[in-house]
Each structure stands twice: as C-alpha cells, then as structure tokens.
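According to UniProt numbering, the sequence shown is numbered sequentially starting from 1.
Backbone N, C-alpha and C define an ideal beta-carbon position, used for all residues, glycine too.
What you are looking at is a predicted structure, and each value in this text was computed from that prediction instead of being measured.
Only one structure is covered here, and it is reproduced in the block below.
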Amino acid sequence: MQLHETPVVVVGCGVAGLSAAYQLADAGYHVTILAKEMPGDNDINYTSDWAGAGLGFVGARTSSSQRVSQETFWTFWDISAKYTPEECGVSRVTQETYYDKQPDMGQIWYTKEAPAFRFMKQGEYPEPYAFGISYTSMTVEPPRYLPWLVKQVQAKGVKILRVQVDSLRGALEHVPEAKAIINCSGIGSRYLKDVLDQTVFPERGQTCVIRTSFKKMIIRSGAEYTYLIPRPASGLLVLGGINEPFNTSPEPNPASREMFKQRAYKMCPELGPPEQMEFVKDIVGVRSTRKGGYRLERQDGGKVPIVHSYGYNGGGYQASMGAAKEVVRLLRGEDC
1 MQLHETPVVV
11 VGCGVAGLSA
21 AYQLADAGYH
31 VTILAKEMPG
41 DNDINYTSDW
51 AGAGLGFVGA
61 RTSSSQRVSQ
71 ETFWTFWDIS
81 AKYTPEECGV
91 SRVTQETYYD
101 KQPDMGQIWY
111 TKEAPAFRFM
121 KQGEYPEPYA
131 FGISYTSMTV
141 EPPRYLPWLV
151 KQVQAKGVKI
161 LRVQVDSLRG
171 ALEHVPEAKA
181 IINCSGIGSR
191 YLKDVLDQTV
201 FPERGQTCVI
211 RTSFKKMIIR
221 SGAEYTYLIP
231 RPASGLLVLG
241 GINEPFNTSP
251 EPNPASREMF
261 KQRAYKMCPE
271 LGPPEQMEFV
281 KDIVGVRSTR
291 KGGYRLERQD
301 GGKVPIVHSY
311 GYNGGGYQAS
321 MGAAKEVVRL
331 LRGEDC
C-alpha cells in the first residue's frame with residue numbers, strides 16, 4: 001500500500017476514531033470518518049463525551065499496552081506544550097496513587113518513564129493507605145478536547161460524515177475509493193454484521209462533578225477503587241467511579257453519587273465533607289468493554305484490509321493516540 005494519498009475510511013468518531021484519523025492524515029492518507037454519533041450529541045452511547053478523563057500508565061500490563069500508553073502520554077505531552085488547557089482541554093497535573101497494601105512492583109513499570117516519578121513517604125498519603133506514588137501526568141476535559149481534535153483533523157483534510165452503517169463493508173458504499181477500513185466503532189462491533197464480536201459488551205459508568213480549585217489527580221488502588229480527576233481550565237473535579245456490565249440506563253444513581261463524595265473525602269480531606277462539596281452534575285455514559293482486552297489488529301482476506309481498534313473500556317483516552325499510531329503501522333504492514 002502506498003504511503004501517500006491513499007484513501008481510507010474510519011468507522012466511528014469517538015476518541016479512538018478521531019485519533020486514528022489524526023495520525024493517518026499525518027502519515028499522508030486521505031481520511032473519511034463515518035459515524036452515527038458525534039462529539040456533543042449528548043448521547044449516552046457516545047462514550048468519549050462522558051470520560052473523566054485521566055492519562056497515565058495505570059492498567060497497562062502487557063508490553064504492547066505499555067507501548068500504547070507511552071506513545072499516547074508523550075503525544076498529549078507535546079499537545080499540552082503547544083496549546084493551553086483552555087484551548088485543547090489537556091492539563092498537566094500532579095498524580096498520586098494510594099494503595100491499600102504494598103503493590104506488586106512489576107505493576108509500577110513506569111518509574112523511569114513518568115515525569116517527576118517518586119515513591120511517597122509515609123505521612124504524605126493519608127491513613128489507612130499503605131503505599132503511595134507520585135508523578136506528573138495529565139488530564140483531558142472532553143468538552144474542550146473533542147471539538148479541538150475535530151478542528152485539527154478537519155484542518156488536515158479529514159472529512160466527517162454522519163452516516164450509520166450496519167456492516168464494515170457498508171462503509172465502502174459511502175467511500176467506494178477507500179483502500180482500507182479502520183474499525184473504531186466501539187460497542188458497534190458487537191452488532192456490525194461482518195464483525196459480531198460478542199466479547200464486546202456495554203458497561204455503564206457514572207461519576208459526579210464538583211466545583212473546586214483542587215488540581216491533583218488522585219487514584220485509590222484497592223478494594224474501593226476511586227479516582228479524582230481535575231479539570232483545571234473549568235475549576236471542576238470529577239469523582240468516580242463504577243462499572244456496571246450490561247446496564248445501559250441513562251439515569252444517575254443518587255446513592256452512587258454520595259458514595260463517590262464519601263470516598264473522595266476519605267482520600268482527600270481537604271475537599272471538605274460531602275455535604276459541603278459544591279455539586280455540579282452527574283455524568284453517565286456507556287463504555288465499550290471487551291473480554292480479554294482491546295482489539296488492535298489487522299484483518300486481511302476481504303476486498304480491502306481492515307484494521308480493528310476498539311474495546312478500550314475506561315482507558316480510551318489513555319490508549320487513544322498510541323493506538324492510532326499502531327493503526328498506521330498495521331496499515332503499512334509494519335511489525336508492531
């Protein structure tokens with residue numbers, strides 16, 4: 001496949017699809033995105049609008065997922081150096097992770113990768129936690145970042161069409177000149193007639209947002225997994241979260257909201273007790289989760305090659321740009 005001026009079609013306009021389009025356009029491809037849902041649609045099934053969204057290295061256990069996380073991290077690092085948080089929604093912040101017990105140190109593989117990484121001293125993290133780490137990370141504010149990303153890809157010549165297809169082959173009816181299909185359809189891969197990946201399933205997430213000047217990202221790793229993700233450009237803090245497989249209800253659960261507040265206070269007493277927190281809103285979205293992890297691979301044998309990139313669960317932003325670079329390598333036929 002030639003590197004330049006090759007037309008390709010991307011199915012899906014979430015953060016995975018937009019990121020793929022961004023990297024493909026940079027690599028010289030002519031890109032058209034087809035999607036049913038778009039940023040700002042206020043649709044529970046458009047997952048990317050509802051993300052926290054924190055960046056970093058947590059949860060990347062395999063060498064391939066670690067590379068994806070690394071490439072994503074440094075791409076966002078460059079973005080945050082060129083644009084303000086108000087412009088692009090990306091903010092550099094201190095991230096602290098607290099552990100209920102001493103972790104397997106193999107999980108903390110990024111000690112030399114993460115900027116300003118250090119092991120926290122006892123007394124720096126609150127009781128009853130047993131261990132803590134700190135480094136400089138980033139957060140992403142989707143209502144700012146996604147419109148910025150759309151403008152970036154459009155400036156690179158990417159076309160975005162609101163089209164619903166019932167199969168990947170159907171995308172070629174709208175872009176018949178395409179020489180490859182990039183499948184970033186998320187939960188759609190469960191239903192597309194020529195994919196029907198039943199390992200992909202919907203998983204409801206809920207968070208709540210409070211107004212505060214607090215600007216650290218804090219994660220609790222343990223029995224009561226909890227995260228605090230700041231949005232410095234807007235003076236907001238996202239408290240979460242929960243995972244509810246096969247629940248697609250758009251209605252927020254007040255009990256979950258109160259649980260988030262209680263856990264946040266326990267992790268970070270300086271936020272004040274729950275009744276004093278300035279509540280802004282609940283966020284509810286449906287993630288595309290995949291048993292066995294995300295799918296990032298090339299499929300040959302059809303009319304045109306297909307590159308699949310979906311099933312990132314709650315790590316869509318953390319994987320986004322790294323996975324997109326992998327899409328380019330797979331399309332070129334490079335070893336990944």
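query	result
Between the CA atoms of Gln276 and His308 - distance to the nearest angstrom	46 Å
Given 8 Å, three or more beta-carbon pairs between the stretch 224-240 and the stretch 66-78	no
Residues near Lys101 by beta carbon distance below 8 Å, same chain, minus five either side	Ala130, Phe131 and Gly222
Pro85 burial status per 10 Å Cβ neighbour count (16 or more: buried)	buried
CB contact flag (Ala158, Tyr22, <9 Å)	Note that residue 158 corresponds to Val in the displayed sequence, not to Ala. Cβ distance < 9 Å, so Val158 and Tyr22 count as in contact.
Chain C within 9 Å of Gly89, Cβ atoms only	As a matter of chain content, chain C is missing from the structure shown, which is built from one protein chain.
7 Å CB neighbourhood of Ala25 in its chain, flanking five on each side removed	Val31, Val153, Lys156, Gly157 and Val158
Check whether Ala38 and Val93 have beta carbons under 9 Å apart	The sequence as given places Met at residue 38; Ala does not occur at that position. Going by C-beta atoms, Met38 is not nearer than 9 Å to Val93.
Euclidean distance between Cα positions of Cys88 and Leu55	15 Å
Cβ contact check for the stretch 283-291 and the stretch 46-53: 3 or more pairs under 8 Å	yes
Residues bridged to His308 (per DSSP)	Asn183 and Glu297
Assigned secondary structure, Tyr99 (DSSP; H/G/I helix, E/B strand, else coil)	strand
Beta-ladder partner(s) of Leu271, from DSSP	In DSSP, Leu271 forms no bridge with anything.
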